[in-house]
Amino acid sequence: MSIKKTGIIVYNIIPSSLKKTLGKLSWLKPLRDLFFRNNGNYKEVETLIKRNYQNYDVEFKFIASFQVSAKANDRGIESRLLNNSIILLKKFKPHNDNLTVLDVGANFAFLSLVWANTIAKNGQTIAFEPSINLVSSINKSIILNNLQRRLVVENNAVGKDNMETELFLSNTTSNVLDVNASGTMQKIEMITLDAYVEKAQLKRCDLLKIDVDGIELDILQGAVELIKQFKPILIVETNENYVIVDYMKNLHYTILDMDLNELTETNPLPLNVFCIPNEAYL
Numbered sequence: 045m046s047i048k049k050t051g052i053i054v055y056n057i058i059p060s061s062l063k064k065t066l067g068k069l070s071w072l073k074p075l076r077d078l079f080f081r082n083n084g085n086y087k088e089v090e091t092l093i094k095r096n097y098q099n100y101d102v103e104f105k106f107i108a109s110f111q112v113s114a115k116a117n118d119r120g121i122e123s124r125l126l127n128n129s130i131i132l133l134k135k136f137k138p139h140n141d142n143l144t145v146l147d148v149g150a151n152f153a154f155l156s157l158v159w160a161n162t163i164a165k166n167g168q169t170i171a172f173e174p175s176i177n178l179v180s181s182i183n184k185s186i187i188l189n190n191l192q193r194r195l196v197v198e199n200n201a202v203g204k205d206n207m208e209t210e211l212f213l214s215n216t217t218s219n220v221l222d223v224n225a226s227g228t229m230q231k232i233e234m235i236t237l238d239a240y241v242e243k244a245q246l247k248r249c250d251l252l253k254i255d256v257d258g259i260e261l262d263i264l265q266g267a268v269e270l271i272k273q274f275k276p277i278l279i280v281e282t283n284e285n286y287v288i289v290d291y292m293k294n295l296h297y298t299i300l301d302m303d304l305n306e307l308t309e310t311n312p313l314p315l316n317v318f319c320i321p322n323e324a325y326l
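Reminder that position 186 of the sequence shown reads as 230 in my numbering, one-by-one numbering, no gaps.
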């Protein structure tokens, strides 16, 4: 067994509370950097993922940071969200594993890799990720799994305007909002999904997932023609922004919570909502 694989096993055994404590100790920083970082960036780890999502047995090689690889190896990433997405697509979108998925805010693209091996294994998955470091890791995962024909990654920020913007980078995240007032900054092209659909000449979009830590509404506003034309199922991180719910309702969508029950005004806003076109749901 390799040192990295052994390290992942040991890392997963350590209680989360202890990991948080160790992560705050300044005198341990050189040791943390030795194991987890490479020239200021995260060290990449290759992990073999074997999991089941509904009736799909999924197996793929996953390139990510040590911490993300450990989590993926131990319990997967966003498993509830992934299972819910497959349930909804089976129910509301006729398909033969040939769907088109847009994953905005892909990070290391674990979700994209699952979708490319399940509901889109005969279709197309497009991952949008502005961080060049994360894009490099995603491309390595794509090559390792021979997914070049059905999974691509676009190195762009996504928003409500087509423009050059500033991207704030930390170790394994990126955001056009300087949420941490730290890290480095780079210039990057921001695109709207409507412009991307026209440029790429997309013929369909069955699932659109948006998770970008704060500008989800902006992205929705830049995707209004896509939504009207293709009527995809949407998964949107809310960040407790109730305007997102109202916006999707105005586009004739029904909003579901994480239990796939219809969201009502008395419900607290969940971390993610699932949006179904009224014509399909009602």
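The C-beta atom is built at its ideal place from N, Cα and C for all residues, glycine as well.
- prompt: If you compare alpha carbons, which of D301, V317 and N127 is closest to Y97?
  reply: Distances from the alpha-carbon of Y97 to those of D301, V317 and N127 put N127 closest.
Within 8 Å, strictly: CB atoms of N316 and T282: Yes, they are a contact pair.
query: Between the C-alpha atoms of H296 and S181, what's the straight-line distance to the nearest angstrom?
result: Counting only the Cα atoms, S181 lies some 37 Å from H296.
query: Out of curiosity, what's the CA-to-CA distance linking V280 and D147?
result: Their backbone Cα atoms lie some 10 Å apart in a straight line.
query: Residues in its own chain within less than 8 Å of A225 by CB, not counting five upstream and five downstream?
result: Caution applies to A225, whose pLDDT of 46 falls short of 50 and renders its modelled position unreliable; the value that the coordinates give is listed next. Excluding residues up to 5 positions away in sequence, nothing lies with its Cβ nearer than 8 Å to the Cβ of A225 in the same chain.
I299 in three-state terms, based on DSSP: Note: I299 maps to strand in three-state DSSP.
- request: Consult DSSP for P321 and reduce its assignment to one of helix, strand or coil.
  value: Of the three classes helix, strand and coil, the one that applies to P321 here is strand, per DSSP.
message: Just verifying my parser: in three-state terms, what is the DSSP assignment at I259?
response: In the three-state scheme derived from DSSP, where H, G and I count as helix and E and B as strand, I259 is classed as coil.
field: DSSP state of A116 mapped onto helix, strand, coil
entry: In this structure, DSSP gives A116 a helical state, which the three-state scheme calls helix.
query: Can you tell which of R248, Q230, I232 and K231 has its C-alpha closest to the C-alpha of D238?
result: It is R248 whose Cα lies nearest to the Cα of D238.
query: What is the rounded straight-line gap between the Cα of F212 and the Cα of N177?
result: Roughly 13 Å separates the two Cα atoms.
- prompt: Is the stretch 296 to 315 in contact with the stretch 95 to 109, if contact means three or more CB pairs nearer than 8 Å?
  reply: With a cut-off of 8 Å, the stretch 95 to 109 and the stretch 296 to 315 do not count as touching, because too few Cβ pairs lie within range.
Cβ-Cβ separation, D141 to K165 (assumed contact under 8 Å), whole Å: That belief holds up - the Cβ atoms of K165 and D141 are roughly 5 Å apart, short of 8 Å.
task: List the endpoints of the continuous alpha helix (DSSP H) containing N283.
output: Unbroken run through N283: none, as it is neither H nor E.
field: I163 (DSSP reduced to helix, strand or coil)
entry: Note: I163 maps to coil in three-state DSSP.
query: Roughly how many whole angstroms lie between the Cα atoms of L252 and N183?
result: Rounded to whole angstroms, the separation of the alpha carbons of N183 and L252 is 20 Å.
message: Let me check one thing: in DSSP terms, what residues is A108 bridge-paired to?
response: In the DSSP assignment, A108 forms a beta bridge with V89.
message: Using the three-state DSSP reduction, which class does N99 fall into: helix, strand or coil?
response: N99 falls in the coil class under three-state DSSP.
task: Give the single residue among E198, N305 and D255 whose Cα lies nearest to the Cα of Y325.
output: Restricting attention to E198, N305 and D255, the CA atom closest to the CA of Y325 is found in N305.
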